[in-house]
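*Asks:* Before we start, here is the structure in question, set down as structure tokens.
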Amino acid sequence: MTLMEKEIFEVPEALKTCFKTNEKTLNELAEKLASRKIKNVVVAARGTSDHAGIYGKYIIESLIGVPVSLAAMSVVTRYGAELDLSDSVVLAISQSGKAADVIEYVEMAKKSGAITVTITNNNESPLALIGDYNFFLNVGEEKSVAATKTFSAQLYTIAHIVAMWADRKDLLAKLEKVPEKICQILLRNEEVAALAVRYRFMKDAFILSRGINYPLALEAALKVQETNYVLAKAYPISDFHHGPFAMVDEGMPVIMYMPAGPVAQDSMEMIKKLQAVGADLLMVTDDENLLAEGDVGFQIPFAEKEDMISAFYYATFAQLFACNLAEVKGRNPDAPRGLNKVTITK
Ligand code: AGP
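Okay, here's the thing in structure tokens:
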């Protein structure tokens with residue numbers, strides 16, 4: 014068994030531990046946020062952690078109504094800018110807690126009077142030590158280069174922060190059931206493996222979604238890029254109409270993370286266009302109608318009117334798919350060429 018596979022299967026327990034570890038910090042942060050008028054949130058993160066942050070953008074903007082921007086870190090690390098972040102929350106995410114540019118950004122933000130919230134899997138890392146509120150994922154060391162359990166735990170932490178901030182007890186109750194539902198998807202690994210066999214010759218792919226699951230498309234693309242060297246590119250379906258669609262040819266693999274709910278109609282329109290040019294569609298969805306349109310599909314059986322937490326299930330599929338694909342392609346997903354577990358950029 015690869016480390017990646019082992020770590021994906023650790024996700025349900027990891028989420029439970031993560032929540033217990035951070036209950037106190039969650040309450041403290043919620044109290045702080047209620048006492049301050051926050052004008053915006055800035056996310057500072059790289060790679061997979063950045064994708065968790067983009068999930069944060071969608072869920073914070075949808076449920077809290079506070080705008081969220083993604084930090085352009087070179088503005089600080091290379092151009093020496095000092096931003097006015099006095100009414101902001103800076104959400105800095107790094108599983109290693111060693112991301113140099115993220116750390117420098119947080120240092121600048123602290124000087125400017127921002128509330129700094131850090132999410133790391135190393136409680137003694139430099140990032141963990143400088144955050145006003147540090148959320149320790151506590152999921153055990155992640156050894157595979159491809160981040161999996163830390164990503165799911167980052168999503169879980171962000172979703173809890175937002176549920177507390179928005180005082181959404183219904184969302185907290187739904188989050189409690191997530192680990193058990195992820196177990197149900199993990200039990201279907203054989204199904205995912207069969208899909209991977211079908212895609213064993215895949216060299217390039219588009220990965221599409223819209224709304225809250227767009228960051229999942231980004232993460233699914235990163236997973237197959239680094240573990241399978243597939244030239245995968247993710248787009249929100251709205252942007253895909255604006256040019257990239259022209260690249261689709263007959264037989265081009267398009268993996269679609271398409272939840273039921275507010276974006277289902279947009280998905281259906283894109284599906285029809287893709288079918289007309291003969292694209293090969295893998296549909297990952299909880300919506301029966303969308304599922305039926307795919308050449309192949311994987312049904313996530315937890316239809317939710319509100320799709321804020323479907324990200325967890327799509328993440329599990331994306332992680333399993335990349336891991337299984339690496340196996341059928343005969344690659345070692347734990348040690349991708351040219352990569353290290355910790356990548357420091359400035
Ligand atoms: C994840 O699969 C990647 N290997 C990589 O993008 C990673 O997420 C990124 O380097 C960020 O690392 P960090 O979370 O430790 O800062």
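Its first residue numbered 14, the sequence shown is counted upward by one per residue in the working numbering.
Just so it is clear, CB atoms sit at the ideal spot from N, CA and C, and this is done for glycine as well.
1) Taking the straight line between their C-alpha atoms, what separation do you get for I72 and Y227?
2) Let me make sure I understand the geometry here. Which of G78, L304, V267, R59 has the alpha-carbon closest to that of I220?
3) If I'm right that R344 touches V276 with Cβ under 8 Å, what's the distance once you round it to whole angstroms?
4) Which same chain residues, not among the five before or five after L199, have their C-beta less than 8 Å away from its C-beta?
5) Verify the contact flag: S107, CB atom, against every heavy atom of ligand 1, threshold strictly below 7 Å.
6) Can you tell me whether S165 sits near ligand 1, meaning its C-beta is under 7 Å from at least one heavy atom of the ligand?
7) For L98, does the three-state DSSP call read helix, strand or coil?
8) Is S87 close to ligand 1? I mean its beta-carbon at under 7 Å from any heavy atom of the ligand.
9) Smallest Cα separation from E232: which of A127, S165, P139, D347?
10) Here's the rule I'm using: 16 or more other beta-carbon atoms within 10 Å means buried, otherwise exposed. How should F214 be labelled?
11) Could you check if S280 is buried or exposed, using at least 16 other CB atoms within 10 Å of its CB as the buried criterion?
12) DSSP on V297, reduced to helix/strand/coil?
13) Compute the distance between the beta-carbons of F325 and D299, then report whether it is under 8 Å.
14) Could you check if A160 belongs to the surroundings of ligand 1, using beta carbon to heavy atom distance under 7 Å?
15) Could you please give the first and the last residue of the uninterrupted alpha helix (DSSP H) stretch that includes D83?
16) Less than 7 Å between the CB of A331 and some heavy atom of ligand 1, yes or no?
17) Give the range of the beta strand (DSSP E) segment to which M269 is assigned.
18) Based on Cα-Cα distance, which residue from F149, V102, T133 lies nearest to T34?
19) Which of helix, strand or coil does DSSP assign to L352?
20) Excluding the 5 residues flanking V355 on each side, which residues of the same chain have their C-beta closer than 7 Å to its C-beta?
21) Whole angstroms are fine: how far does the CA of E193 sit from the CA of G126?
22) With DSSP run on the structure shown, which of helix, strand or coil describes G274?
23) Taking the alpha carbon of N135 as the reference point, which residue from V158, G153, L96 has its own alpha carbon closest?
24) On a CA-only basis, which of A245, D180, L168, I357 is nearest Y327? Give me that one, please.
*Replies:* This is what the structure holds:
1) Against the sequence shown, residue 72 aligns to sequence position 59. Against the sequence shown, residue 227 aligns to sequence position 214. Whole-angstrom Cα-Cα distance: 12 Å.
2) Translated into positions along the sequence shown, residue 220 becomes position 207. It is V267.
3) As a first step, residue 344 is located in the sequence shown; it is residue number 331 there, counting from the start. As a first step, residue 276 is located in the sequence shown; it is residue number 263 there, counting from the start. Contact doesn't hold; Cβ gap of about 33 Å is too wide.
4) Start at 1 with the first residue of the sequence shown, and residue 199 comes out as number 186. Here the set comprises I21, F22, V24, P25, T329, L333.
5) Taking the sequence shown and counting its residues from 1, one reaches residue 107 at position 94. Flag set: Cβ of S107 near ligand 1.
6) Taking the first residue of the sequence shown as position 1, residue 165 is located at position 152. Checking every heavy atom of ligand 1 against the Cβ of S165, none is found closer than 7 Å.
7) For the purposes of this step, residue 98 is identified with residue 85 of the sequence shown, where counting begins at 1. Correct three-state label for L98: coil.
8) Here the question's residue 87 lines up with position 74 in the sequence shown. No; taking the cut-off as 7 Å, the Cβ of S87 has no heavy atom of ligand 1 nearer than that.
9) Start at 1 with the first residue of the sequence shown, and residue 232 comes out as number 219. Checked all of A127, S165, P139, D347; the closest Cα to E232 is S165.
10) Within the sequence shown, numbered from 1, the residue matching residue 214 stands at position 201. It is exposed - the Cβ of F214 has fewer than 16 other Cβ atoms within 10 Å.
11) Locating residue 280 in the sequence shown gives position 267, where the first residue counts as 1. The residue in question, S280, is buried, as its Cβ has 16 or more Cβ neighbours within 10 Å.
12) Indexing the sequence shown from 1 puts residue 297 at position 284. V297 falls in the strand class under three-state DSSP.
13) Translated into the one-based positions of the sequence shown, residue 325 becomes position 312. Translated into the one-based positions of the sequence shown, residue 299 becomes position 286. Not closer than 8 Å, so no.
14) Taking the sequence shown and counting its residues from 1, the one referred to as residue 160 is at position 147. Indeed, a heavy atom of ligand 1 lies less than 7 Å from the Cβ.
15) In the sequence shown, counting from the first residue as 1, residue 83 sits at position 70. The sequence given here has Leu at residue 83, not Asp. First-last for L83: 81 to 83, but that is the beta strand (DSSP E), not the alpha helix (DSSP H).
16) By one-based count along the sequence shown, residue 331 stands at place 318. No, Cβ of A331 sits at least 7 Å from all heavy atoms of ligand 1.
17) For the purposes of this step, residue 269 is taken as the residue at position 256 of the sequence shown. M269 -> beta strand (DSSP E) spans 266 to 271.
18) For the purposes of this step, residue 34 is identified with residue 21 of the sequence shown, where counting begins at 1. When each option's Cα is compared against that of T34, the closest is F149.
19) One-based indexing of the sequence shown puts residue 352 at position 339. Here L352 sits in coil by DSSP.
20) Stepping through the sequence shown from its first residue, residue 355 is reached at position 342. These residues qualify, in order along the chain: S109, K111.
21) Within the sequence shown, the letter at position 113 stands for residue 126. Within the sequence shown, the letter at position 180 stands for residue 193. Those two C-alpha atoms are separated by around 40 Å.
22) Looking up residue 274 in the sequence shown gives position 261. If DSSP states are grouped into helix, strand and coil, G274 belongs with coil.
23) Residue mapping note: residue 135 aligns to position 122 of the sequence shown, counting from 1. The candidate whose alpha carbon is nearest that of N135 is G153.
24) For the purposes of this step, residue 327 is taken as the residue at position 314 of the sequence shown. The residue with the shortest Cα to Cα distance from Y327 is L168.
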